[in-house]
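Add 9 to the 1-based position in the sequence shown for this note's numbering, that's all there is to it. Some notes on the structure that comes next.
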Amino acid sequence: MTDAIATNETIVVVGGGISGISAAIEAAECGKQVILLEKNPSLGGRVSQLYKYFPKMCHPTCGLEINYRRTKGNKNLRVYTMAEVNKIDGEAGNYTLDVTISPRYVNENCTACGACADAVETEYDDSFNYGMKRRKGAYLTSTMAYPQRYVLDPAMVGSDDAEKAKAACPANAIDLDMQEEQLTINAGAVIWATGWKPFDANKIQPYGYDRYDNVVTNVEFERMLDPFGPTGGKVLRKDGTEARNVAFIQCAGSRDRNYLRHCSRICCMATLKHAKLLREQFADDENWKASIYYIDIRAIDRIDDFHQEVKADPNVTFIKSKVASVTRERESGNPVLNGVNTEGYHRYANEHDLVVLAVGMEPSVKADQLPASVVGDSNGFIQADESNGGIFAAGVAGEALDVNRAVQNATGSALRAIQVINRVSGTEG
Numbered sequence: 010m011t012d013a014i015a016t017n018e019t020i021v022v023v024g025g026g027i028s029g030i031s032a033a034i035e036a037a038e039c040g041k042q043v044i045l046l047e048k049n050p051s052l053g054g055r056v057s058q059l060y061k062y063f064p065k066m067c068h069p070t071c072g073l074e075i076n077y078r079r080t081k082g083n084k085n086l087r088v089y090t091m092a093e094v095n096k097i098d099g100e101a102g103n104y105t106l107d108v109t110i111s112p113r114y115v116n117e118n119c120t121a122c123g124a125c126a127d128a129v130e131t132e133y134d135d136s137f138n139y140g141m142k143r144r145k146g147a148y149l150t151s152t153m154a155y156p157q158r159y160v161l162d163p164a165m166v167g168s169d170d171a172e173k174a175k176a177a178c179p180a181n182a183i184d185l186d187m188q189e190e191q192l193t194i195n196a197g198a199v200i201w202a203t204g205w206k207p208f209d210a211n212k213i214q215p216y217g218y219d220r221y222d223n224v225v226t227n228v229e230f231e232r233m234l235d236p237f238g239p240t241g242g243k244v245l246r247k248d249g250t251e252a253r254n255v256a257f258i259q260c261a262g263s264r265d266r267n268y269l270r271h272c273s274r275i276c277c278m279a280t281l282k283h284a285k286l287l288r289e290q291f292a293d294d295e296n297w298k299a300s301i302y303y304i305d306i307r308a309i310d311r312i313d314d315f316h317q318e319v320k321a322d323p324n325v326t327f328i329k330s331k332v333a334s335v336t337r338e339r340e341s342g343n344p345v346l347n348g349v350n351t352e353g354y355h356r357y358a359n360e361h362d363l364v365v366l367a368v369g370m371e372p373s374v375k376a377d378q379l380p381a382s383v384v385g386d387s388n389g390f391i392q393a394d395e396s397n398g399g400i401f402a403a404g405v406a407g408e409a410l411d412v413n414r415a416v417q418n419a420t421g422s423a424l425r426a427i428q429v430i431n432r433v434s435g436t437e438g
């Protein structure tokens, strides 16, 4: 074990998505010593996988770039990527964290020139694009990766390709002898910001995600829309043709006692955003269609203006219905949505080019899976409870939130952690 690298006046943030970054920066800019741990090779989390935000339709790279600059420029903040917490012992004001750092096989000499990627041939499924494309064994997670340093897939180490990557690197940055490291970190407070994962659409058997080619999830559709994504920004069917008649099924697995009981709060707005992006993509083609099958649309406050704008689009149709099943049309192979429109109670069997399942969000790490004892709800979200001591949830680790509310929530968590540290240091009040 490496010796302790912090004190009980340090705040540890676990998770380097938008909530974790926000909490870490806020605490560090208040003068506290902060360590940010991220299990992936770079920061950014789910936000880095988005194409555009709603309702402003701006790119998330803007907000991430600003936060990366704040992170890089703050001497109070240390970042460890490829880091996972195995165990948390202690109490508020005095925690010990056992952390494993996996080898990157690329050291800090890396200039991100890409020579290693050019040299290798082996490819692997690209998790950043939800497996919809392949990437090289030497890679940057994305164009906005932070740190801007390549990583070698561990499955490639020991192969001829790994040696090719090492030989090609002009900066002598490839280190194939890197080993797993163990860290022991002392901290006064811990902010748990491990974010969310999309609900597994394979579990929703009636919708055929596991059986039909042209049924995708909303997060996969988001990557399709990105010009840097797996389809170059085009909405494509499995056969490579463009999908001009797209159906969106809301609450796919959410608000359902068989799957996720909660409302994920982002799905309605994500679909409205996707409908608007389709309008942009097919600006010169008035034959495109977007059909939104919904229970109810949850767009409140200023966001309802965005909802009304999309609703006014003549190419977008709203069908009030909980889709019963998705089947496959025998001749065309197209997916067919079956159900009852509750506005008039008309049965339908509607054929579409592509079906997008608006799957909900669930915690990436559920409360009962944490390496410490915390109170969780029936959905696995960490609850605010005094028995949690100095461990605080930030963002979607605590509840389903959109980006804006997740950042606000993370700021609140940073303030609560600072209060614990102030009591430890005797500076409270």
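Ideal placement from N, C-alpha and C gives every residue a C-beta, glycine not left out.
Among residues of its own chain, excluding the 5 on either side of residue i, which ones have a beta-carbon nearer than 7 Å to its beta-carbon?
{"i": "residue 412", "result": "27, 56 and 62"}
{"i": "residue 415", "result": "27, 28, 404 and 405"}
{"i": "residue 273", "result": "263, 369, 370 and 409"}
{"i": "residue 102", "result": "17, 197, 399, 429, 432 and 433"}
{"i": "residue 247", "result": "222 and 223"}
{"i": "residue 125", "result": "147, 159, 174, 177, 178 and 183"}
For residue i, count the other beta carbons within 10 Å of its own beta carbon; 16 or more makes it buried, fewer makes it exposed. Which is it?
{"i": "residue 358", "result": "exposed"}
{"i": "residue 65", "result": "exposed"}
{"i": "residue 173", "result": "buried"}
{"i": "residue 71", "result": "exposed"}
{"i": "residue 351", "result": "exposed"}
{"i": "residue 396", "result": "exposed"}
{"i": "residue 342", "result": "exposed"}
{"i": "residue 24", "result": "buried"}
{"i": "residue 150", "result": "buried"}
{"i": "residue 10", "result": "With a pLDDT of 46 at residue 10, under the threshold of 50, the modelled position of that residue is not reliable, and no figure is offered here."}
{"i": "residue 292", "result": "exposed"}
{"i": "residue 169", "result": "exposed"}
{"i": "residue 20", "result": "buried"}
Distance, Cα to Cα, residue i vs residue j?
{"i": "residue 204", "j": "residue 178", "result": "35 Å"}
{"i": "residue 249", "j": "residue 389", "result": "39 Å"}
{"i": "residue 97", "j": "residue 158", "result": "29 Å"}
{"i": "residue 377", "j": "residue 14", "result": "27 Å"}
{"i": "residue 330", "j": "residue 304", "result": "6 Å"}
{"i": "residue 256", "j": "residue 240", "result": "19 Å"}
{"i": "residue 18", "j": "residue 84", "result": "15 Å"}
{"i": "residue 22", "j": "residue 80", "result": "13 Å"}
{"i": "residue 160", "j": "residue 191", "result": "19 Å"}
{"i": "residue 290", "j": "residue 243", "result": "8 Å"}
{"i": "residue 419", "j": "residue 227", "result": "25 Å"}
{"i": "residue 313", "j": "residue 165", "result": "49 Å"}
{"i": "residue 118", "j": "residue 184", "result": "10 Å"}
{"i": "residue 374", "j": "residue 402", "result": "11 Å"}
{"i": "residue 394", "j": "residue 210", "result": "32 Å"}
{"i": "residue 68", "j": "residue 435", "result": "43 Å"}
{"i": "residue 298", "j": "residue 363", "result": "11 Å"}
{"i": "residue 58", "j": "residue 136", "result": "10 Å"}
{"i": "residue 381", "j": "residue 38", "result": "27 Å"}
{"i": "residue 134", "j": "residue 229", "result": "14 Å"}
{"i": "residue 114", "j": "residue 54", "result": "21 Å"}
Could you tell me how far apart the beta carbons of residue i and residue j are, in whole angstroms, since I believe they sit closer than 8 Å?
{"i": "residue 426", "j": "residue 279", "result": "Going by Cβ atoms, the distance from residue 426 to residue 279 rounds to 30 Å, so no, they are not a contact pair."}
{"i": "residue 48", "j": "residue 93", "result": "5 Å"}
{"i": "residue 51", "j": "residue 154", "result": "4 Å"}
{"i": "residue 347", "j": "residue 367", "result": "Incorrect: roughly 18 Å between the Cβ atoms, too far for contact."}
{"i": "residue 300", "j": "residue 328", "result": "6 Å"}
{"i": "residue 258", "j": "residue 218", "result": "That belief does not hold up - the Cβ atoms of residue 258 and residue 218 are roughly 10 Å apart, past 8 Å."}
Tell me which same chain residues have a C-beta within less than 6 Å of the C-beta of residue i, skipping the five on either side of it?
{"i": "residue 221", "result": "337 and 344"}
{"i": "residue 200", "result": "22, 32, 401, 403, 422 and 426"}
{"i": "residue 285", "result": "319"}
{"i": "residue 77", "result": "155"}
Tell me which same chain residues have a C-beta within less than 8 Å of the C-beta of residue i, skipping the five on either side of it?
{"i": "residue 189", "result": "109, 110, 111 and 112"}
{"i": "residue 349", "result": "330, 333, 355, 356 and 357"}
In chain order, which continuous runs of the beta strand (DSSP E) of length 3 or greater are located wholly inside the segment 182-264?
-> List check, beta strand (DSSP E) in window: 190-196, 198-201, 205-207, 224-226 and 254-261.
Can you list the alpha helix (DSSP H) stretches of 4 or more residues lying completely in the segment 77-112, in chain order?
-> As far as the segment 77-112 is concerned, it has no whole alpha helix (DSSP H) run of at least 4 residues.
Entirely enclosed beta strand (DSSP E) segments - the segment 121-165, minimum 3 residues | Listed in chain order, the complete beta strand (DSSP E) runs (minimum 3 residues) inside the segment 121-165 are 132-134 and 143-145.
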